[in-house]
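Novice: Attaching a single structure in structure tokens format; questions to follow.
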Amino acid sequence: MRFTFTFSLGLALASSILIQSVGAADSSASSGDKVPLILKLPSPAFKGTPKDIQLSSYVEPLSDKPRPPMMVPAGLKNIAPGAKLTCSDKNATADTLGKIVDGDKEASEQSIIYLRKGTQWVQMDFGSPQEIFAVVLWHAHNSAKVYHDVIVQIADDQDFLQNVKTIFNNDQDNTSGLGVGTDREFFEIHEGKLIDTKGITARYMRFYSKGSTESALNEYTEIEVYGRPAK
Amino acid sequence: MTRSLTLVLLLAAGAAIALRWPGLDQRPMHNDEAVNAVKFGQLWDHQGYKYDPNEHHGPSLFYATLVLERLTAAPDLDHYTDARFRFVTVLFGLALLLLLPLIVDGLGRNGVIWSAVLTAVSPALVFYSRYFIHEILLVFFTFLALVAGWRYWRSRRIGWILLAGAGVGLMAATKETFVITLVAAAMAIGLNQIWNRLLDASGQPVKAAPVNLWHLAASLAVCLVTAVVLFSSFFTNASGPLDAIRTYQPWIHRAGGDSPHNHPWYFYLQRLLFFHVSSGPIWTEGSIFLLAIIGAIAGFRRRKLAGANASFVRFLALYVFSLTAIYSLLAYKTTWCLLSFWQGALLLAGVGSAVLIRTARNRYWRFGVIGLLLAATAHLAWQSWRADTTYAADPRNPYVYAQTSLDVFRLVNQLEGLALVDPGVHKIVVKVMAPEGDYWPLPWYLRRFKQTGWWDHVPEDPFAPVMVVSAKLHAALDEKKTHLMIGYFQLRPQLFFELYVQRDLWQEWLAHKPSALLPASQ
Numbered sequence: 039m040r041f042t043f044t045f046s047l048g049l050a051l052a053s054s055i056l057i058q059s060v061g062a063a064d065s066s067a068s069s070g071d072k073v074p075l076i077l078k079l080p081s082p083a084f085k086g087t088p089k090d091i092q093l094s095s096y097v098e099p100l101s102d103k104p105r106p107p108m109m110v111p112a113g114l115k116n117i118a119p120g121a122k123l124t125c126s127d128k129n130a131t132a133d134t135l136g137k138i139v140d141g142d143k144e145a146s147e148q149s150i151i152y153l154r155k156g157t158q159w160v161q162m163d164f165g166s167p168q169e170i171f172a173v174v175l176w177h178a179h180n181s182a183k184v185y186h187d188v189i190v191q192i193a194d195d196q197d198f199l200q201n202v203k204t205i206f207n208n209d210q211d212n213t214s215g216l217g218v219g220t221d222r223e224f225f226e227i228h229e230g231k232l233i234d235t236k237g238i239t240a241r242y243m244r245f246y247s248k249g250s251t252e253s254a255l256n257e258y259t260e261i262e263v264y265g266r267p268a269k
Numbered sequence: 350m351t352r353s354l355t356l357v358l359l360l361a362a363g364a365a366i367a368l369r370w371p372g373l374d375q376r377p378m379h380n381d382e383a384v385n386a387v388k389f390g391q392l393w394d395h396q397g398y399k400y401d402p403n404e405h406h407g408p409s410l411f412y413a414t415l416v417l418e419r420l421t422a423a424p425d426l427d428h429y430t431d432a433r434f435r436f437v438t439v440l441f442g443l444a445l446l447l448l449l450p451l452i453v454d455g456l457g458r459n460g461v462i463w464s465a466v467l468t469a470v471s472p473a474l475v476f477y478s479r480y481f482i483h484e485i486l487l488v489f490f491t492f493l494a495l496v497a498g499w500r501y502w503r504s505r506r507i508g509w510i511l512l513a514g515a516g517v518g519l520m521a522a523t524k525e526t527f528v529i530t531l532v533a534a535a536m537a538i539g540l541n542q543i544w545n546r547l548l549d550a551s552g553q554p555v556k557a558a559p560v561n562l563w564h565l566a567a568s569l570a571v572c573l574v575t576a577v578v579l580f581s582s583f584f585t586n587a588s589g590p591l592d593a594i595r596t597y598q599p600w601i602h603r604a605g606g607d608s609p610h611n612h613p614w615y616f617y618l619q620r621l622l623f624f625h626v627s628s629g630p631i632w633t634e635g636s637i638f639l640l641a642i643i644g645a646i647a648g649f650r651r652r653k654l655a656g657a658n659a660s661f662v663r664f665l666a667l668y669v670f671s672l673t674a675i676y677s678l679l680a681y682k683t684t685w686c687l688l689s690f691w692q693g694a695l696l697l698a699g700v701g702s703a704v705l706i707r708t709a710r711n712r713y714w715r716f717g718v719i720g721l722l723l724a725a726t727a728h729l730a731w732q733s734w735r736a737d738t739t740y741a742a743d744p745r746n747p748y749v750y751a752q753t754s755l756d757v758f759r760l761v762n763q764l765e766g767l768a769l770v771d772p773g774v775h776k777i778v779v780k781v782m783a784p785e786g787d788y789w790p791l792p793w794y795l796r797r798f799k800q801t802g803w804w805d806h807v808p809e810d811p812f813a814p815v816m817v818v819s820a821k822l823h824a825a826l827d828e829k830k831t832h833l834m835i836g837y838f839q840l841r842p843q844l845f846f847e848l849y850v851q852r853d854l855w856q857e858w859l860a861h862k863p864s865a866l867l868p869a870s871q
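Here the protein sequences come in this chain order: A and B. Counting from 39, one number per residue, gives the positions in the first sequence under this note's numbering. Counting from 350, one number per residue, gives the positions in the second sequence under this note's numbering.
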């Protein structure tokens, strides 16, 4: 009780000092050359109840423009199905992870795996260095959503300590702590997210995410990696 | 009122509070809640209130909120919380229980007890008691008018009919759909009288003196005065009472089919009786529906009514059926409208519960029936809890309708963080752009940002330190590299906003961001 009273008194004193100092700042600003610019901006218009949209099994893509084709060398194949898969969520079994490379990219519940909340990753070990030209990534396109902190990295070792390179990063506020991203966020659509990796060489590849606008959980439907053995 | 009845009602009230009170801030404000909050804000800031006949319903919600806020020494609007508003509707939801003892001679003692229990735990009642919209007020004032009307019918004391008149006046001042309730009530009274005279004259209430026309006239006068006082904003808006009549033109237009809220006839029943979307749980208030049917049948058969008045129960059954039919046949439907007939169904279900207990052959059967009723109550309470917590903003919840996504908290936290690193703090210029003004509830959540502009298109000069732009506009305001598009934020399912931040402001935020200001999902 006594502590509370002392604390409250201290807070009140601190507040009054703060208020006085703010008041002084205001008066000096008003008496100086500069004054705050107050803009006349339009007010919000009141609106009635919006339309209710139920979740559906398929969402039309938000853009009607077809994706331009990516030019790659001839003879590439999807090397993801042959990769050894691991992930940060220890609850995910090998069978579960296998769904990420089983070729099933549908929007149904059966096609999607779920990883825990927070920043999670899925890792691929191609067994030997590969020359990689493109990655296509589907988190979940069962409803319109945007995944956060989508980061794709490569490295020379499975612990991602040696020669780590980031090839895609849209974590612009660096909340996942892997560096400030400069790529844009994107909508999950049936086409998947196509990332041009420009023939980079890697044996290990990691795909990070940190929940979506819809849920804190991390979903993965499919990952395709187009490449060929490095020379 | 007996001691045991008081005790059970107190327990029901305790359960009702436990389900309605916690976590009132967890669900983001719905579009309509935010509009109501901003409209109340104008009243609170002494800018007055003016009834809008085209949208947003009647004045009672705002004045009821004003009374409560005055009594509780509310802060300035910047420091309001969502919970403070929702507390108003929680009180009206709880007040329904207070009226129940006044119809103990209509429902019977056990009927009142079980009605109270089911009202306390019904997911629909609980969910919309935590919703800062007009619906629960309409339900409360309707029940007030019904209870007072019943008391007058029993006693012929003028005070009750004056209270009923005030109740109807308050219904009118709450929501335009009150006329549907009146039509259903009139149909039920008429049909019940026919039934009483032709088929079951013995079921009439106690022989009472003829209705005094002066009493009726006085009641009508109280009703009109109540409505006029509120619609005229306490005699400061002369056009208010006329607008209260003009309002039916746009509303009839909507009810006739020109609305995004057109749904099939079974829309309400589906949500109440069996609702299951993708991987969500199965929701049902079927137990209440079954008990209501049992109560209604008992009323018509006049058997094992357990102290309930057959005529009153029949009136309730006819009223609930008429109201459900009218709401179901109207093309225009929003989920919360079901509350009007569902509250009546809860009264019938109370009678049905009492009938079931009475029907039990011996005390073992009776214990079994009570056990089943308690299990149904627990199931309803569990669904209410899930609807309020895990599924509060989830479209897999049958009572969620065009709800704002939880992601809006992430956007607001991000904007608050940016304001803290800007020298102007909340005077930072924010420009919000969305087609058809579809940016609600952001005006409520951005009320502290004193220099915020709102557009339904991309204006000629869209640039500002912070821009919140609907993804539908494909604005691409980061092309000049002066701003960064730092992410998408979901306002509602399939409705996204892009957040553009001036490059140097963003770098400043990155350099100084305190962990406490990280977005809500961190």
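Every residue, glycine too, gets a C-beta built ideally from N, C-alpha and C. Quick caveat, the model's predicted, so the values are computed rather than measured.
By how many angstroms is the C-alpha of Gln692 (chain B) removed from the C-alpha of Tyr676 (chain B)?
Specialist: Counted from its first residue, the second sequence places residue 676 (chain B) at position 327. Counted from its first residue, the second sequence places residue 692 (chain B) at position 343. Whole-angstrom Cα-Cα distance: 14 Å.
Novice: For Asn380 (chain B) and Lys89 (chain A), which I take to be in contact (beta-carbon distance under 8 Å), what is that distance rounded to the nearest angstrom?
Specialist: Here residue 380 (chain B) is taken as the residue at index 31 of the second sequence, counted from 1. Here residue 89 (chain A) is taken as the residue at index 51 of the first sequence, counted from 1. Rounded, the Cβ-Cβ distance is 10 Å, inconsistent with contact.
Novice: DSSP state of Arg797 (chain B), grouped into three classes?
Specialist: Along the second sequence, one-based indexing puts residue 797 (chain B) at 448. In this structure, Arg797 (chain B) counts as coil in the three-state DSSP scheme.
Novice: Output, in chain order, the set of chain A residues within a Cβ distance shorter than 8 Å of Phe434 (chain B).
Specialist: Taking the second sequence and counting its residues from 1, the one referred to as residue 434 (chain B) is at position 85. Within chain A, no residue comes near Phe434 (chain B); the closest Cβ sits about 16 Å away, beyond 8 Å.
Novice: Look up Leu232 (chain A) in the DSSP assignment and give the residues it is bridged to.
Specialist: For this step, residue 232 (chain A) is matched to residue 194 along the first sequence. For Leu232 (chain A), which the question treats as bridged, DSSP gives the partners A:Val174.
Novice: Give a yes or no on whether the minimum CB-CB distance between Ser754 (chain B) and chain A is below 8 Å.
Specialist: Within the second sequence, numbered from 1, the residue matching residue 754 (chain B) stands at position 405. Yes, its Cβ sits closer than 8 Å to a Cβ of chain A.
Novice: Which first and last residues belong to the alpha helix (DSSP H) in which Ala367 (chain B) is found?
Specialist: Residue numbering aside, residue 367 (chain B) sits at position 18 when the second sequence is read from its first letter. Element bounds for Ala367 (chain B): 352–369.
Novice: I need the straight-line Cα distance from Leu859 (chain B) to Thr213 (chain A), nearest angstrom please.
Specialist: The residue given as residue 859 (chain B) occupies position 510 in the second sequence. The residue given as residue 213 (chain A) occupies position 175 in the first sequence. If you take the alpha carbons of Leu859 (chain B) and Thr213 (chain A), they lie about 10 Å apart.
Novice: Taking Cβ to Cβ, would you say Ile227 (chain A) is nearer than 8 Å to His179 (chain A)?
Specialist: Here residue 227 (chain A) corresponds to residue number 189 of the first sequence, with the count starting at 1. Here residue 179 (chain A) corresponds to residue number 141 of the first sequence, with the count starting at 1. Yes, the Cβ-Cβ distance between Ile227 (chain A) and His179 (chain A) is below 8 Å.
Novice: Compare the C-beta of Phe798 (chain B) against all C-beta atoms of chain A and say whether one is closer than 8 Å.
Specialist: Working through the second sequence from its first residue, we reach residue 798 (chain B) at position 449. Closer than 8 Å: no.
Novice: Which value, in whole angstroms, describes the spacing of the CA atoms of Glu147 (chain A) and Leu232 (chain A)?
Specialist: Walking along the first sequence from the start, residue 147 (chain A) turns up at place 109. Walking along the first sequence from the start, residue 232 (chain A) turns up at place 194. If you take the alpha carbons of Glu147 (chain A) and Leu232 (chain A), they lie about 22 Å apart.
Novice: Would Gly516 (chain B) and Leu493 (chain B) qualify as a contact pair, given that the criterion is a beta-carbon distance under 8 Å?
Specialist: Taking the second sequence and counting its residues from 1, the one referred to as residue 516 (chain B) is at position 167. Taking the second sequence and counting its residues from 1, the one referred to as residue 493 (chain B) is at position 144. A contact, by the Cβ cut-off of 8 Å.
Novice: Below 7 Å on C-beta distance, what does Gly86 (chain A) contact in chain B?
Specialist: Within the first sequence, residue 86 (chain A) is the residue found at index 48, counting from 1. Going along chain B in sequence order, the residues near Gly86 (chain A) (Cβ under 7 Å) are Glu404.
Novice: Which residues in chain B have a C-beta closer than 8 Å to the C-beta of Asn212 (chain A)? List them in chain order.
Specialist: In the first sequence, counting from the first residue as 1, residue 212 (chain A) sits at position 174. By Cβ distance, chain B contributes Leu859.
Novice: Assuming Arg841 (chain B) contacts Ala783 (chain B) under a Cβ cut-off of 8 Å, what Cβ separation, rounded to an integer in Å, is found between them?
Specialist: The residue labelled residue 841 (chain B) in the question sits at position 492 within the second sequence. The residue labelled residue 783 (chain B) in the question sits at position 434 within the second sequence. With 8 Å as the limit, Arg841 (chain B) and Ala783 (chain B) do not qualify as a contact, their Cβ atoms being about 11 Å apart.
Novice: Val718 (chain B) and Val779 (chain B) - do their beta-carbons sit closer together than 8 Å?
Specialist: On the second sequence, residue 779 (chain B) is found 430 positions in, with the first residue counted as 1. On the second sequence, residue 718 (chain B) is found 369 positions in, with the first residue counted as 1. Not closer than 8 Å, so no.
Novice: Can you check DSSP and say which residues form a bridge with Asn256 (chain A)?
Specialist: Position 218 of the first sequence, counting from 1, holds the residue named residue 256 (chain A). Per DSSP, A:Leu153.
Novice: Looking at the unbroken alpha helix (DSSP H) that takes in Ile642 (chain B), where does it start and where does it end?
Specialist: Your numbering for residue 642 (chain B) matches position 293 in the second sequence. 635–650 is the extent of the alpha helix (DSSP H) around Ile642 (chain B).
Novice: State the Cα-Cα distance for the pair Phe649 (chain B) and Arg603 (chain B), rounded to the nearest angstrom.
Specialist: Here residue 649 (chain B) refers to the residue found at position 300 of the second sequence. Here residue 603 (chain B) refers to the residue found at position 254 of the second sequence. Approximately 36 Å between the Cα atoms of the pair.
Novice: For Ser149 (chain A) and chain B, any beta-carbon pair shorter than 8 Å?
Specialist: Along the first sequence, read from residue 1 onward, the residue named residue 149 (chain A) stands at position 111. So no, Ser149 (chain A) is outside the interface.
Novice: Please check the pair Ala361 (chain B) and Ala469 (chain B), which I expect to be a contact at CB under 8 Å, by giving their CB distance rounded to whole angstroms.
Specialist: Residue 361 (chain B) sits at position 12 when you count from the first residue of the second sequence. Residue 469 (chain B) sits at position 120 when you count from the first residue of the second sequence. Yes, Ala361 (chain B) and Ala469 (chain B) are in contact; Cβ-Cβ is about 4 Å, under 8 Å.
Novice: Could you run through the stretch 589–618 of chain B and flag, in chain order, every residue whose CB is less than 8 Å away from some CB of chain A?
Specialist: The residues in question are Pro609, His610.
Novice: Going by alpha carbons, who is nearest to Ala709 (chain B) out of B:Asp787, B:Lys653, B:Leu354, B:Ala730?
Specialist: Position 360 of the second sequence holds residue 709 (chain B). The candidate whose alpha carbon is nearest that of Ala709 (chain B) is B:Lys653.
Novice: Who are the neighbours of Asn380 (chain B) on chain A, taking C-beta pairs under 7 Å?
Specialist: By 1-based counting over the second sequence, the position of residue 380 (chain B) is 31. Near Asn380 (chain B) (Cβ distances below 7 Å), the residues of chain A are Lys85, Thr87, Pro88.
Novice: Taking the beta strand (DSSP E) that Gly693 (chain B) falls in, what are its first and last residues?
Specialist: If you number the second sequence from 1, residue 693 (chain B) lands on position 344. Run containing Gly693 (chain B): none in the beta strand (DSSP E); it sits in the alpha helix (DSSP H), 688–708.
Novice: Nearest to Thr259 (chain A) by CA position, among A:Gly230, A:Glu223, A:Ile238, is which residue?
Specialist: Locating residue 259 (chain A) in the first sequence gives position 221, where the first residue counts as 1. Measuring from the Cα of Thr259 (chain A), the nearest candidate turns out to be A:Gly230.
Novice: Can you find at least 3 beta carbon pairs, one from the stretch 695–705 of chain B and one from the stretch 455–463 of chain B, that sit closer than 8 Å?
Specialist: Enough Cβ pairs lie closer than 8 Å, so yes.
Novice: What residues from chain B crowd round Ala182 (chain A), counting only those whose CB sits closer than 9 Å?
Specialist: To locate residue 182 (chain A), count along the first sequence from 1; it is residue 144. What Ala182 (chain A) touches in chain B: Gln839, Pro842, Gln843, Leu844, Phe845.
Novice: Nearest chain B C-beta to Pro82 (chain A) closer than 8 Å, yes or no?
Specialist: The residue labelled residue 82 (chain A) in the question sits at position 44 within the first sequence. Chain B contact via Cβ: present.
Novice: In chain A, which residues lie less than 9 Å from Asp787 (chain B) when you measure between Cβ atoms?
Specialist: On the second sequence, position 438 is the one that residue 787 (chain B) refers to. Residues of chain A passing the Cβ test: Lys85, Pro88.
Novice: So which residues of chain B does Arg222 (chain A) contact, with C-beta pairs closer than 7 Å?
Specialist: Against the first sequence, residue 222 (chain A) aligns to sequence position 184. Here the neighbours are Met834.
Novice: Are at least three pairs of beta-carbons, each pair with one atom in the stretch 669–688 of chain B and one in the stretch 569–577 of chain B, less than 8 Å apart?
Specialist: Contact fails: fewer than three Cβ-Cβ distances are below 8 Å.
Novice: Return the residue from the list B:Leu795, B:Leu826, B:Phe798 that minimises the CA-CA distance to Glu809 (chain B).
Specialist: Position 460 of the second sequence, counting from 1, holds the residue named residue 809 (chain B). The shortest C-alpha separation from Glu809 (chain B) is found at B:Leu826.
Novice: Answer yes or no: does any C-beta atom of chain B fall closer than 8 Å to that of Val218 (chain A)?
Specialist: The sequence position of residue 218 (chain A) within the first sequence is 180, counting from 1. Output row for Val218 (chain A): interface = yes.
Novice: Could you pull the DSSP bridge partners for Cys572 (chain B) from this structure?
Specialist: Sequence index remark: in the second sequence, residue 572 (chain B) carries index 223 (1-based). Answer by DSSP bridge pairing: none, since Cys572 (chain B) is not bridged.
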